[in-house]
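Let me begin by presenting the structure, written as structure tokens, before commenting on it.
There are 6 protein chains.
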Amino acid sequence: MDRLTSTIDQLSAIAPYRHLFHCHSDGEPMPSAPKLREMIELCRSIIFPGYYGEVATHSSFLRYHIGVSVEQVCRIATDQIQAGLCFLEDETHECDNLSAEEREKTAVEKAEQFVQSLPRLREILATDVEATYNGDPAAKHVGEIISCYPTIRAVFNQRIAHVLLNLGVPLIPRIITELAHSETGIDIHPGAQIGHHFSIDHGTGVVIGETCIIGNNVKLYQGVTLGAKSFPLDADGNPIKGIPRHPIIEDDVIVYSNSTILGRITIGRGSTIGGNLWVTHSVPPGTTLVQRLSEPLASQSD
Amino acid sequence: MDRLTSTIDQLSAIAPYRHLFHCHSDGEPMPSAPKLREMIELCRSIIFPGYYGEVATHSSFLRYHIGVSVEQVCRIATDQIQAGLCFLEDETHECDNLSAEEREKTAVEKAEQFVQSLPRLREILATDVEATYNGDPAAKHVGEIISCYPTIRAVFNQRIAHVLLNLGVPLIPRIITELAHSETGIDIHPGAQIGHHFSIDHGTGVVIGETCIIGNNVKLYQGVTLGAKSFPLDADGNPIKGIPRHPIIEDDVIVYSNSTILGRITIGRGSTIGGNLWVTHSVPPGTTLVQRLSEPLASQSD
Amino acid sequence: MDRLTSTIDQLSAIAPYRHLFHCHSDGEPMPSAPKLREMIELCRSIIFPGYYGEVATHSSFLRYHIGVSVEQVCRIATDQIQAGLCFLEDETHECDNLSAEEREKTAVEKAEQFVQSLPRLREILATDVEATYNGDPAAKHVGEIISCYPTIRAVFNQRIAHVLLNLGVPLIPRIITELAHSETGIDIHPGAQIGHHFSIDHGTGVVIGETCIIGNNVKLYQGVTLGAKSFPLDADGNPIKGIPRHPIIEDDVIVYSNSTILGRITIGRGSTIGGNLWVTHSVPPGTTLVQRLSEPLASQSD
Amino acid sequence: MDRLTSTIDQLSAIAPYRHLFHCHSDGEPMPSAPKLREMIELCRSIIFPGYYGEVATHSSFLRYHIGVSVEQVCRIATDQIQAGLCFLEDETHECDNLSAEEREKTAVEKAEQFVQSLPRLREILATDVEATYNGDPAAKHVGEIISCYPTIRAVFNQRIAHVLLNLGVPLIPRIITELAHSETGIDIHPGAQIGHHFSIDHGTGVVIGETCIIGNNVKLYQGVTLGAKSFPLDADGNPIKGIPRHPIIEDDVIVYSNSTILGRITIGRGSTIGGNLWVTHSVPPGTTLVQRLSEPLASQSD
Amino acid sequence: MDRLTSTIDQLSAIAPYRHLFHCHSDGEPMPSAPKLREMIELCRSIIFPGYYGEVATHSSFLRYHIGVSVEQVCRIATDQIQAGLCFLEDETHECDNLSAEEREKTAVEKAEQFVQSLPRLREILATDVEATYNGDPAAKHVGEIISCYPTIRAVFNQRIAHVLLNLGVPLIPRIITELAHSETGIDIHPGAQIGHHFSIDHGTGVVIGETCIIGNNVKLYQGVTLGAKSFPLDADGNPIKGIPRHPIIEDDVIVYSNSTILGRITIGRGSTIGGNLWVTHSVPPGTTLVQRLSEPLASQSD
Amino acid sequence: MDRLTSTIDQLSAIAPYRHLFHCHSDGEPMPSAPKLREMIELCRSIIFPGYYGEVATHSSFLRYHIGVSVEQVCRIATDQIQAGLCFLEDETHECDNLSAEEREKTAVEKAEQFVQSLPRLREILATDVEATYNGDPAAKHVGEIISCYPTIRAVFNQRIAHVLLNLGVPLIPRIITELAHSETGIDIHPGAQIGHHFSIDHGTGVVIGETCIIGNNVKLYQGVTLGAKSFPLDADGNPIKGIPRHPIIEDDVIVYSNSTILGRITIGRGSTIGGNLWVTHSVPPGTTLVQRLSEPLASQSD
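Residue numbers (my numbering), protein chains in the order written: chain A, 65 to 366; chain B, 65 to 366; chain C, 65 to 366; chain D, 65 to 366; chain E, 65 to 366; chain F, 65 to 366.
This is the structure we're talking about:
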């Protein structure tokens with residue numbers, strides 16, 4: 065094993081990577097995906113008690129469980145937000161934009177605001193459950209939706225991440241949506257604005273970009289991309305960040321499987337976009353786009 | 065933290081969500097995805113010993129390991145089926161369709177029947193392993209298939225879920241297939257009927273619907289959807305459940321990547337469906353559908 | 065439970081499956097996916113300290129953490145390689161191609177060589193991080209790329225697996241890439257050769273085949289397949305293994321979402337392949353392939 | 065390993081030990097020391113919050129923690145009492161004295177009664193803490209007593225066990241006191257009756273027998289035995305169970321280290337028993353027993 | 065934290081302690097108390113199923129549990145014996161007395177012999193349980209003895225350690241008896257020879273020396289020492305090891321609490337030794353030693 | 065379970081116990097015995113590598129393990145000292161004697177000083193190991209002493225606790241010695257001053273008081289008490305704290321089993337105190353105290 069000493073020396077040399085890696089205050093913790101996963105699990109047990117977390121709680125004890133979970137969420141959120149605040153964008157990419165005290169105070173405030181948003185999140189997630197149940201003939205019971213439909217997990221994380229993003233918390237929201245991406249194959253950016261009664265069927269491969277705006281009562285199928293068509297570069301040839309570049313999907317729209325909708329276009333209210341389509345222009349309300357029948361396919365029967 | 069008290073009160077108010085959430089007998093446990101994952105792991109270690117579970121068992125001790133695992137599977141299955149039986153469909157969505165005693169007795173019976181199906185499952189899964197190995201030039205060893213091919217995990221869970229579904233167990237089968245969906249990106253409904261020597265290459269994004277019937281020796285590639293084209297609504301505008309609405313894929317069919325086959329159509333025996341196709345009509349046996357060459361593509365070389 | 069005894073007997077009868085299952089030396093451990101996952105986590109904490117593993121290490125202690133992690137990686141790698149060496153291809157599929165001593169000695173050597181490759185892996189992974197950051201307008205910070213972009217996890221595992229494959233280690237590399245496939249929905253075969261500054265956006269559904277050769281500075285989007293078009297069968301009707309059958313992607317190529325590139329064709333340097341395309345012929349350098357506009361789509365507005 | 069098969073067969077033959085071992089209903093769980101240890105830990109966190117269990121609870125969340133812990137205690141107590149009820153003494157030593165339903169109903173009732181005794185236990189344990197603090201010049205802070213004095217742990221378990229014993233629960237109380245015996249070296253039988261303001265200094269080696277009666281404000285030192293002098297045998301030569309045979313220690317008594325007090329004698333109120341004594345007769349109130357000075361000890365100085 | 069670097073350097077300098085610490089072959093594992101504790105727990109679950117280990121096993125599955133546990137015991141024992149063999153006494157205190165191959169072969173043999181002794185151990189432990197139950201009026205049920213009497217745990221470990229000692233295994237037996245010492249306060253050297261029907265009441269503080277010989281049907285109480293009176297020194301002033309120096313206790317002897325019996329003396333068959341005595345001479349069979357009544361104790365009543 | 069609500073209310077009422085329980089700043093963590101146990105385990109692995117902690121470290125990696133362990137010890141020590149500082153004695157028993165910042169700064173300093181004492185602790189512990197080995201004819205190997213002799217564990221914890229006590233850390237030292245007390249039955253107060261080459265044989269029941277002063281090369285046997293004879297009370301009848309009240313044991317003294325030495329007396333250099341004695345007066349150097357032979361004991365042979 066002695067031969068590995070020089071390997072360890074090379075790996076311990078961090079200087080050449082300073083420009084790439086984060087310049088964290090020494091000893092300050094970095095954000096932790098496992099802790100955020102734990103926080104998400106706790107939030108799920110608060111919003112959907114019985115389906116997540118403790119499976120056999122008697123209703124007369126529910127309040128106590130929720131109280132304990134809320135405290136734990138608040139503690140993890142505070143720690144993680146504090147860790148995340150080092151990643152505030154600035155010129156230097158140094159973590160000295162805020163003093164330790166400011167970061168702690170800010171983290172406590174934002175964590176509390178986050179927790180206070182949970183009742184509202186429960187309200188809107190209930191509409192997502194309802195929409196998913198009503199839209200799927202294979203669903204036998206609303207409990208099936210909550211227990212195992214990936215759409216609920218993905219949208220759950222995104223709605224939480226969206227609240228944190230709006231509170232000005234860096235990095236953490238993206239980690240949260242990527243946790244759901246890994247779990248479900250559904251990749252929704254925290255920045256996307258999504259109305260109530262939202263559902264995604266099956267879901268694997270769905271991509272929803274940062275500046276998407278999605279109305280109420282929208283339903284997507286697996287493999288749908290709501291993406292950017294292109295993005296302008298700055299003088300250095302790097303993409304300019306923050307420009308609206310993803311679609312607006314108005315209320316009551318359905319997009320079938322594997323269709324791709326690109327660019328800052330608008331899919332008008334009540335439209336239906338068929339499967340496997342490539343859409344780069346706006347369509348007016350009430351449009352139905354269907355795939356042109358590739359009738360005389362080169363098929364052959366023997 | 066005192067400010068969070070009213071948040072906890074709001075979150076503890078369960079009444080407004082009664083219509084959505086499950087009305088479980090107080091204190092009765094709900095089904096548990098982590099326990100079901102544990103059960104699946106045990107079943108995998110029974111069916112594929114050495115590849116899953118204890119990695120270094122001497123063959124003269126194999127019988128003891130299987131005995132202990134069978135007992136554990138039986139115990140978890142009993143508990144989970146009992147918890148799941150509360151979700152039997154009925155008018156009221158109340159968990160009073162069966163007495164506690166009836167549920168326990170039923171659960172014990174169904175769990176035993178499930179365990180008794182394991183030898184048969186091993187037999188058919190061996191054909192899936194064989195088909196996957198024979199169909200993939202990248203596979204160096206049959207152990208590679210069992211160890212890491214997602215198709216085996218997804219089909220494993222689906223075949224188990226299908227047995228449980230046929231035993232009349234609610235909810236549990238769906239949780240089991242969603243565990244595999246999360247693990248592999250392959251979403252097969254427990255209701256799908258699948259023949260022997262079935263394989264899926266790569267697999268991410270595959271969707272196989274509830275009423276699909278798949279023959280023997282069928283092979284799918286990644287991104288294939290066997291879905292419903294549309295579904296009739298009832299008087300209230302909700303989808304009518306349980307109607308056959310997914311394709312029938314006969315023996316010896318191959319479907320290449322990202323093709324979508326929709327509706328209660330039949331893909332005749334021995335047919336080959338090329339990639340990226342959108343198929344909504346039946347094709348006779350022996351058909352080869354290929355993508356029309358989009359010859360003069362708007363390409364440009366500089 | 066007595067009724068289950070005969071089930072246990074049937075399940076303990078391993079003889080009928082001998083031809084399928086691996087004939088491991090009794091008591092010798094099989095490769096273990098959980099141990100390999102642990103090894104990958106350790107490698108991630110070595111390459112990207114703070115982002116993975118211990119979140120709050122003071123830089124003056126970094127060297128110690130790396131030393132301990134390197135020892136652990138070396139130990140796990142030795143055990144797993146030793147277990148994997150039983151799967152060396154041979155006629156008999158028996159694990160007697162090497163004596164226990166030879167296997168142990170070989171495993172120690174290969175594990176050390178693997179560990180010694182980590183500094184070089186860090187170097188090339190830094191280019192992947194850089195390319196991903198520069199290519200995504202939604203990325204706010206390079207730390208976001210390392211923390212949560214699936215491309216980094218998938219490419220990380222593939223680059224490690226590729227080193228092990230080149231060291232002649234069987235089976236283990238495939239388990240490692242499938243761990244990433246499960247985590248990210250990105251399926252890259254260990255055999256693929258990939259240049260520096262490689263990135264995949266979103267990534268779910270990407271498939272990169274065994275004999276692909278990918279140049280520097282290549283970018284893929286979600287759902288892209290770099291696959292085989294067909295493969296020749298041997299006299300027994302089984303696919304012949306090891307023949308080059310996947311695309312060559314030259315430097316500076318971009319492939320947009322859900323396009324499929326099949327066969328041993330070459331996508332020339334600097335080309336751009338639009339989304340949703342099906343490409344089975346080589347294109348010269350500098351080509352831009354775009355989807356023919358399906359102008360008069362059967363759309364209808366009401 | 066094949067040679068071990070006959071060993072396993074021998075060990076699986078349970079028949080020859082039937083008369084010794086418990087004849088439990090098949091599949092019914094036995095009492096579990098680890099679960100009871102968990103229950104004790106929960107009770108400690110309820111009675112002494114912060115010192116045991118969650119170390120950083122904000123007081124505004126205390127109620128929720130206690131609620132959750134009470135539910136958990138109630139659940140474990142119910143299960144363990146139910147398991148213990150099989151050990152009710154009867155002629156046959158068979159576990160058929162109660163039906164499963166009776167046992168479950170009884171267990172629920174007794175568990176609730178046990179939980180309802182916790183506030184009273186807290187009250188009396190507070191007097192024990194106070195007495196210990198006041199009696200030890202080495203104690204700097206009352207928190208030191210609660211955190212680490214073995215007397216508190218031993219008396220805690222005994223008081224809980226005593227409640228359960230009085231509720232007619234078999235076996236469980238003894239397991240609970242033996243947990244404390246193992247932890248502290250203090251062995252107090254659940255049957256002993258102990259007044260308030262009780263303390264034991266150091267404690268290792270203390271033994272307090274089943275039928276002891278101890279008044280208020282009693283203090284013992286390490287190595288003190290309050291035991292039986294002898295016990296009458298029945299016709300078969302076995303000890304007759306349940307006869308009062310241990311000392312009565314009245315209020316305000318101190319017993320110094322390593323003294324042994326045997327038999328159903330009374331140590332009168334306010335007495336002081338010196339160290340290393342062997343006492344087998346009652347002493348009147350206010351007695352001070354001291355060790356006779358063994359003046360001309362065979363000592364020698366060189 | 066930088067100031068700690070020199071502390072780490074000092075602590076990493078192992079040379080000055082070479083003469084004291086063990087000169088283990090680099091990378092060879094040392095014996096592990098936690099693994100031995102696990103092995104003991106497994107043995108307890110084999111000998112006393114239900115009371116230890118899995119609490120709810122159905123009797124028709126018992127054989128499988130025992131088979132699995134036996135394999136695990138065998139594996140841990142092999143590893144630990146192999147690690148322990150480095151501690152064979154020799155001149156140099158170097159671990160080169162046996163080659164790695166010899167150690168492995170020896171370890172496998174001894175582990176199997178150890179496992180094969182388990183049925184005989186069960187037989188004799190059953191007599192200990194019986195004796196303990198018959199001798200204690202506070203015991204309500206034989207299950208109480210097995211579940212929680214410290215004597216059973218201490219004697220269990222000693223009997224196992226004694227078997228291993230007789231197999232010539234170094235170090236491991238002492239670790240095993242010290243595990244019980246820590247658990248129960250009863251310190252029995254692995255070398256002590258102990259007959260059947262042995263019991264210790266309460267037990268804290270009991271010490272039984274290396275060369276003790278204890279007959280059948282012997283009962284000890286807490287605090288009893290069976291020790292050495294003195295031991296001859298060698299030319300260097302160090303005690304000569306291995307000389308018989310502890311008492312012989314013949315059949316049917318009782319020793320009451322806190323008595324000390326020292327030296328190679330014999331307590332004749334059927335004798336009773338009262339409490340708190342200091343015995344350094346042999347006594348003939350049938351002797352009853354009682355404490356001289358210290359009648360006119362310096363007591364005073366007020 | 066509804067009946068338990070009022071129990072929870074009673075248990076949540078903390079006001080009546082305020083005078084007894086600690087008035088901790090809300091949300092500030094209390095000291096944690098499990099974390100301190102972890103710290104002790106780490107220190108043991110640093111001082112005695114291989115015997116504790118990682119069992120199979122290659123010597124060329126030792127430095128890295130020690131570095132990582134030192135960092136962990138430093139972190140836990142900082143947190144625990146910070147928590148403990150709330151227990152500084154003052155009039156009010158309120159935790160406001162130090163500001164949070166002062167406590168943090170103080171904790172960091174003291175933790176570093178503690179860690180810097182580890183090399184010196186290793187030096188003196190090596191003498192304890194040596195003395196124990198030389199003094200016990202049953203010890204076969206020095207590794208046996210380190211692995212399993214309780215004296216090493218008890219003295220280890222006490223020497224660590226003593227350092228922390230001298231650094232002015234409240235409460236934590238007592239928790240640390242009580243951890244060893246529970247583990248070994250040896251109760252040594254952190255305040256005791258103990259020279260080098262100290263050993264305790266067997267050890268159960270040993271008590272060493274707060275103000276003891278023990279010279280070099282002292283050996284004790286099981287059950288020895290070095291205690292206080294009495295202690296003066298203050299005007300309120302409470303013991304006055306901090307007065308020297310325990311024995312001074314000079315160099316080269318042996319005290320045999322179960323003897324009790326009480327009060328601020330001096331046992332002169334080189335003395336031998338026999339077993340079972342009760343000593344309350346000083347003895348000059350070189351004294352041998354032996355138990356007077358209770359010759360004509362009331363013994364009877366039949």
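Backbone N, C-alpha and C define an ideal beta-carbon position, used for all residues, glycine too.
Here the structure is a predicted model, which means the values were calculated and not measured.
Helix, strand or coil: how does DSSP classify L75/A here? DSSP places L75/A within a helical segment (H, G or I) once states are collapsed to three.
Closer than 8 Å by beta-carbon distance: list the chain D residues that pair up with N23/E, in chain order. Residue coverage of chain E in this structure runs from 65 to 366, which leaves residue 23/E outside it and unanswerable.
Compare the beta carbon distance of I239/F and S263/D with 7 Å and say whether it is the shorter of the two. Taking 7 Å as the cut-off, the Cβ atoms of I239/F and S263/D do not count as close.
Could you have a look at T352/C and say whether DSSP puts it in helix, strand or coil? Residue state, collapsed to three classes: strand.
Three-state secondary structure (DSSP) at S211/E? S211/E: helix per DSSP, three-state reduction.
If I measure Cβ to Cβ from Y213/C and keep anything under 7 Å in the same chain, skipping five residues before and after, which residues do I get? Closer than 7 Å at the Cβ level, and outside the excluded window around Y213/C, lie T196.
Would you kindly work out how many angstroms separate the C-alpha atoms of S363/B and S321/C, rounded to a whole number? Its pLDDT being 49, under 50, S363/B is placed unreliably in this model, and the coordinates cannot settle the point.
Of the residues that make up the region 170-182 of chain D, which ones have a beta carbon closer than 9 Å to any beta carbon in chain A? The region 170-182 of chain D vs chain A, Cβ under 9 Å: nothing.
Under a three-way DSSP split, which group does Y115/D fall into? Secondary structure of Y115/D (DSSP, three-state): coil.
The region 70-77 of chain E touching the region 101-121 of chain E, judged by at least three CB pairs closer than 8 Å: Contact between the region 70-77 of chain E and the region 101-121 of chain E is absent: fewer than 3 CB-CB pairs across the two stretches fall below 8 Å.
Under the three-state reduction of DSSP, which class applies to P360/C: helix, strand or coil? For P360/C, the predicted structure reports a pLDDT of 39, less than 50, and the residue's modelled location is therefore unreliable. The matter cannot be settled from this model.
I'd like to confirm the pairing. Which residues does DSSP put opposite Y320/E in its beta bridges? As far as DSSP is concerned, Y320/E takes part in no beta bridge.
Test: L75/A CB closer than 7 Å to a CB of chain C: For L75/A, the answer is yes, since a Cβ of chain C falls inside 7 Å of its Cβ.
What does I72/D reach in chain E if we use C-beta pairs closer than 8 Å? Ordered by position in chain E, the residues that pass the 8 Å Cβ test against I72/D are R127, I130, G131 and V134.
Would the region 131-151 of chain D and the region 327-336 of chain E be scored as touching if the rule is three or more Cβ pairs under 8 Å? No, the region 131-151 of chain D is not in contact with the region 327-336 of chain E.
Partners in chain E for T268/D, counting only beta-carbon separations shorter than 9 Å: Correct list: G249, T268 and G269.
List the residues of chain C that D200/B touches, going by C-beta distances under 8 Å, in chain order. For D200/B, the chain C residues whose C-beta falls within less than 8 Å of its own C-beta are P303, listed in chain order.
So what does D265/E bridge to, in DSSP terms? Checking the DSSP bridge columns, you'll see D265/E partnered with Y285/E.
Proximal residues to R217/E (C-beta, below 7 Å), its chain only, five neighbours per side dropped: Cβ neighbours of R217/E within its own chain (closer than 7 Å, five residues either side excluded): A244, E247 and T248.
Got a sec: is the Cβ-Cβ distance from S96/C to anything in chain B below 7 Å? At a cut-off of 7 Å between beta carbons, S96/C contacts chain B.
Under the three-state reduction of DSSP, which class applies to G199/A: helix, strand or coil? Looking at G199/A - three-state DSSP - the assignment turns out to be helix.
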